[in-house]
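K.L.:
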Amino acid sequence: MSLIKEVDYGTPAKNSEKTVTLTIDGKDVTVPEGTSVMRASMEAGIQVPKLCATDMVDAFGSCRLCLVEVEGRNGTPASCTTPASDGMVVRTQTDRLKKIRKGVMELYISDHPLDCLTCAANGDCELQDMAGAVGLRDVRYGYEGGNHVQVRQNGEENPRYMAKDETNPYFTYDPSKCIVCSRCVRACEEVQGTFALTIEGRGFESRVSPGMHENFMDSECVSCGACVQACPTATLQEKSVIEIGQPEHSVVTTCAYCGVGCSFKAEMRGEELVRMVPYKDGKANRGHSCVKGRFAYGYANHKDRILNPMIRESVDEPWQEVSWEEALRFTADKFKGIQAKYGKGALGGITSSRCTNEETFLVQKLIRAGFGNNNVDTCARVCHSPTGYGLKTTFGTSAGTQDFDSVEHTDVVILIGANPTDGHPVFASRLKKRLRQGAKLIVIDPRRIDLVRSPHIEAVAHLPLRPGTNVAVLTSLAHVIVTEGLFDEAFVRERCDWDEFQDWAAFVSDPKHSPEAIADMIGVDAETMRKAARSFATGGNGAIYYGLGVTEHSQGSTTVMAIANLAMATGNIGRPGVGVNPLRGQNNVQGSCDMGSFPHELPGYRHIQDSATRDIFEDIWGVKLDDEPGLRIPNMLDAAVDGTFKGIYIQGEDILQSDPDTKHVAAGLAAMECVVVHDLFLNETANYAHVFLPGSTFLEKDGTFTNAERRINRVRKVMTPMNGFADWEVTQNLARAMGLDWNYTHPSQVMAEIAATTPSFANVSYDLLEREGSVQWPCNAKAPTGTPVMHMDGFVRGKGKFVVTEYVATDERTGPRFPLLLTTGRILSQYNVGAQTRRTENSAWHKEDLLEIHPHDAEQRGIREGDWIRLASRSGETSLRATITDRVAPGVVYTTFHHPGTQANVITTDYTDWATNCPEYKVTAVQVSSSNGPTEWQVEYDRQAEQSRRIKPRVDAAE
Amino acid sequence: MAPDKLVYMANQIATFFKSQPDNEGVKGVANHISDFWEPRMRKQLFDMIAKGNGDFHPLVLKAAPMIRKVKETA
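From first to last, the protein sequence lines stand for chains A and B.
With the working numbering, letter number 296 in the first sequence gets 1750, and the count goes up by one each step, no holes.
With the working numbering, letter number 41 in the second sequence gets 1186, and the count goes up by one each step, no holes.
#1: Going by Cα to Cα distance, which pick from A:ASP2195, A:GLN2401, A:ASP2367 is closest to ALA1834 (chain A)?
#2: Please identify the residue among A:TYR2375, A:GLY1499, A:ASN2296, A:GLU2224 whose C-alpha is closest to the C-alpha of GLY2003 (chain A).
#3: Listed in chain order, which residues of the segment 2271 to 2282 of chain A have Cβ atoms closer than 7 Å to some Cβ of chain B?
#4: Distance, Cα to Cα, ASN2130 (chain A) vs TYR2103 (chain A)?
#5: Look up ASN2359 (chain A) in the DSSP assignment and say whether it is helix, strand or coil.
#6: Output the distance between the C-alpha atoms of ALA2140 (chain A) and ARG2225 (chain A), rounded to the nearest integer angstrom.
#7: Nearest to CYS1716 (chain A) by CA position, among A:HIS1742, A:SER1704, A:GLU1725, is which residue?
#8: Smallest Cα separation from THR1465 (chain A): which of A:ILE1458, A:LEU1457, A:ALA1494, A:SER1456?
#9: May I ask you to report which of helix, strand or coil DSSP gives ARG2196 (chain A)?
#10: Does DSSP classify GLU2413 (chain A) as helix, strand or coil?
#11: With a threshold of 8 Å between beta carbons, is PRO1210 (chain B) in contact with chain A?
#12: One question on the structure: do PRO2036 (chain A) and TYR2000 (chain A) come within less than 8 Å of each other, judged by their Cβ atoms?
#13: Which residues mark the beginning and the end of the alpha helix (DSSP H) in which LYS1886 (chain A) is found?
#14: Please check the pair SER2011 (chain A) and THR2370 (chain A), which I expect to be a contact at CB under 8 Å, by giving their CB distance rounded to whole angstroms.
#15: Tell whether a beta-carbon distance below 8 Å holds between ILE1792 (chain A) and GLU2072 (chain A).
#16: Helix, strand or coil, according to DSSP, for ALA2263 (chain A) in the structure here?
#17: If you compare alpha carbons, which of A:VAL1946, A:VAL1558, A:ALA1913 is closest to ARG1594 (chain A)?
#18: Measure the beta-carbon distance from GLN2230 (chain A) to ARG2164 (chain A) and round it to whole angstroms, keeping in mind my assumption that it falls under 8 Å.
#19: May I ask you to list, following chain order, the residues of the segment 1182 to 1207 of chain B that have a beta carbon less than 8 Å from some beta carbon of chain A?
#20: Could you tell me which chain E residues have their CB closer than 8 Å to the CB of ASP1180 (chain B), listed as they occur along the chain?
#21: Quick one: grab the DSSP three-state call for GLN1793 (chain A).
#22: With DSSP collapsed to three states, give me the class of CYS1744 (chain A).
#23: Which value, in whole angstroms, describes the spacing of the CA atoms of ALA2189 (chain A) and GLU2295 (chain A)?
#24: Per DSSP, which residues does GLU1862 (chain A) bridge with? Please list them.
#25: Below 8 Å on the Cβ atoms is my guess for ARG1729 (chain A) versus GLU1702 (chain A); work out the distance and round it to an integer in Å.
#26: Could you tell me whether any Cβ in chain A is nearer than 8 Å to the Cβ of PRO1166 (chain B)?
#27: Just the Cα atoms here: how many angstroms apart are GLY2355 (chain A) and PHE1955 (chain A)?
#28: The beta strand (DSSP E) that contains THR1805 (chain A), what's its start and end?
#29: Between B:LYS1207, B:PRO1184, B:ASP1200, which lies nearest to LYS1214 (chain B) when the distance is taken from Cα to Cα?
#30: With burial defined as no fewer than 16 other Cβ atoms inside 10 Å of the residue's Cβ, what is the status of THR1572 (chain A): buried or exposed?
#31: Could you pull out every residue in the same chain whose Cβ sits closer than 7 Å to the Cβ of GLU2413 (chain A), ignoring the five residues on either side in sequence?
#32: Using only CA atoms, which one of A:GLU2183, A:VAL1978, A:GLU2107 lies nearest to GLU1812 (chain A)?
#33: If ALA1893 (chain A) and ASP1865 (chain A) are in contact, beta carbons under 8 Å, what's the gap, nearest whole angstrom?
#34: For the pair the segment 2085 to 2093 of chain A and the segment 1821 to 1838 of chain A, tell me if three or more CB-CB distances fall below 8 Å.
#35: Whole angstroms is fine: what's the gap from THR1929 (chain A)'s alpha carbon to PRO1900 (chain A)'s?
#36: Can you check whether the CB of THR1810 (chain A) is closer than 8 Å to the CB of GLY2058 (chain A)?
Quick look at the structure:
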């Protein structure tokens, strides 16, 4: 193994079809038109010295090191800003160039500290490399004159010196080492799109400045780390590198946070992770990352990790540490006892969207083949199950239609119920890049999210709809498109069922669906609605991106179908730049659904009642499968309360914190006789568990994750599991304890079983992934290296199906007791229930959940910024601090759910999506009032949690 | 499950399929419940309908005979 060093071509690739051929140092090289001479040289294997150029940002031409001579042209142009042209003859090394370069380097070094041996970038410093490349041997200017290096000079304070900024928890900014190449500033603008950095001052006074001469932590910086990656010196440096030193080998793997699924190089020294650097060839992220993926991995060796298995007879007892054998025997005995006493259907399990495809496949196999029922579900139940239902009904597959590269060809975007800058930051950066190039954006969200207006981005329309009215809004947009004749008749006639389209068109055309008729109900004026509809229908390639603000409603599935209708009616399916794109929440939520985690479906979305599919699995597994759909998570909890469901194996999910109506979840768990939690930490659900099986992190195992674009990415082990076993091994050992004869020795064998049983994965293997880097399913004989864009030559189901989407108001309504609507979401620095990110320095940005409330609503209630408030709904009440902002409309309040102390789900109701039972998290009628602090429930909950987390150390029997 | 909740869920499904054209409604409700409801839930539904309990949407009652039967288990 060695350190993967990607080639830096100096300037970004051009994808012009026309090519030009030039001669560089006597070599002929052919490149796409528009390619820089610098890049062309690198293609020819010649590295022109450079400092301000790097291929993650556009050429800038400031360092004057990459000069070249071009035959027939005067002077010495910068190769980074000079486009290659046909017949050009370039020389990269002449006496004149050598002299100029040495002179330039001499000036740089005359104002740079000479502490190379003790510098954190030692071994990874481009300035040092270039000094070597140009043969710098002497600095004639000395170090006595004006400089930014010395704290004191000539016995006096040096006014130009600036101390190191160490405010960011993950990296430092040392102005004394800055060469003002602007790479960080440009990375922040071009790659991340935040514009937090600038160059302040002029000439010799020029310095990089976060915001208006602020420190990094107080500036707009979102800590994505693109600047650190771009920096050629130690000016911006990871604290981990300062502490540990340079890495010696690296392994490409996949981030375990959101559904973007970024590829990273895990840069290692031995088994110690030095840093995560986004991988340039990663097809989802193209070399970019966010604060979570790049920096927030500290949870992996946090002291809270549980490394020994634990059991207890009753949840009032403290935990008893035991051996793996004992824990597994205890579990198997309990499970078998439960089935003997209460019947086969009394057991079930939950697969994890945080675990690998292989692990998920094994958990559902354990349940179907071992428990003998289909009581398996996954956390997609509470997020994207309506996506599965809605897209399967309309298009024929339960997945998004595009790859992320598609956004580079998009002209107009509808973004509904998603907040990518916080939830899917790397996709947000890619979207912002496209918007800066001129694409239009329509935001449909009750909150004024950052993308509505932020530096160099402005949505053409923001529809701040009332929570719960998605279907009405989308149907009304369709009304405008159909009644104004803006639909794509040719597409619909060719690709869709024309009769169904006509039924649908007649339905949406009803005047009761016009923007004017519903304006008061949805809270958006008709003109904005019409403008948005016209922009989308006539603006070129139209793409719809959406998140949980669409699915987590009582009409979640209907909304997904309304989105699909809109895409079909405007002909925006089946080519790059268009499509329906669900932004998946978790790293492997797509994969866990693909792997048969739903109680009615075997892997590959095939219904359990389909006997041909059951035959395939029965043959390989050697058991008879139950042909009845199993219980979904909320159904399991209901059955537990009824006394017919008694035992559960939960891998990597914290249902007590993440599922709605906490009291009901707690009651369900409390009614079970054996709750097995398999996780990294004693999560909230473990308060009600009888067995705790320690889990492993994504750094400690091999496998695959499938991201929101159906991309199957490798996860590679870089360190030994601290708990002793990868999660797939734990599941296998549990299966064996239950009497199943499983003998996998590597996850690649599980993938082989998936490929052998699941047509859409038929061609997937670890060998293929090694060769291709990643593939997007379907990947089979018809598409041997996968399918970036789906439904290219017709829909998977045949004809696209238009579905009538009648708006049905949720029964969760405001009234005199609960006059406000609560909606929930994520923040950039924290992730989901926070089990991981709360155990990293990311908490520096978000220590607690806050309730966003409009100034008008706050004033009515006498609430000031930072006050403790009581938040009550029909389900329960909790308390947290308020922050006053007009990002939310009057009548709407908003909070995140990253901290268990907040107990946001005590408030949410048990209303669910009609088709899938996906909870209605996004609409809860609440009242907000002043409070002195935590509620009685919170105090009691904390007491119970503390009581439940006591651990008795393991006592080994005396020899 | 709480009887009210079961009725509520069934009626939600009926409300959606009622809006579909061409009398897809009855078949839609029956298929949906057959495809997604675990036998315990279907049994509770059949029992409630047989006893005349629960304020079911007419479409649910019409669909009931077409919903997949529950196998008797030992």
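Cβ atoms here follow ideal geometry from the backbone N, Cα and C, with glycine treated the same way.
P.N.:
Well, looking at it:
#1: A:ASP2367
#2: A:TYR2375
#3: none
#4: Before going on, a small fix: residue 2130 (chain A) reads as Val here, not Asn. Going by the C-alpha atoms only, they are around 5 Å apart.
#5: helix
#6: 41 Å
#7: A:HIS1742
#8: A:ALA1494
#9: The sequence shown places Trp at residue 2196 (chain A), not Arg. In the structure shown, TRP2196 (chain A) sits in coil (DSSP, three-state: anything other than H, G, I, E or B).
#10: Here the model assigns GLU2413 (chain A) a pLDDT of 49, short of 50, so the residue's position is not dependable and the matter cannot be decided.
#11: no
#12: yes
#13: 1879 to 1890
#14: 6 Å
#15: no
#16: coil
#17: A:VAL1558
#18: 4 Å
#19: TRP1182, GLU1183, PRO1184, ARG1185, MET1186
#20: Structure shown: chain E not included; protein chains present are A and B.
#21: helix
#22: coil
#23: 37 Å
#24: Answer is none; GLU1862 (chain A) lacks a bridge partner.
#25: With a Cβ gap of about 12 Å, ARG1729 (chain A) and GLU1702 (chain A) do not count as contacting.
#26: yes
#27: 49 Å
#28: 1801 to 1805
#29: B:PRO1184
#30: exposed
#31: Low confidence applies here, because GLU2413 (chain A) scores a pLDDT of 49, under 50, leaving its location unreliable; read the following figure in that light. Nothing listed; no residue qualifies.
#32: A:GLU2183
#33: 5 Å
#34: yes
#35: 17 Å
#36: no
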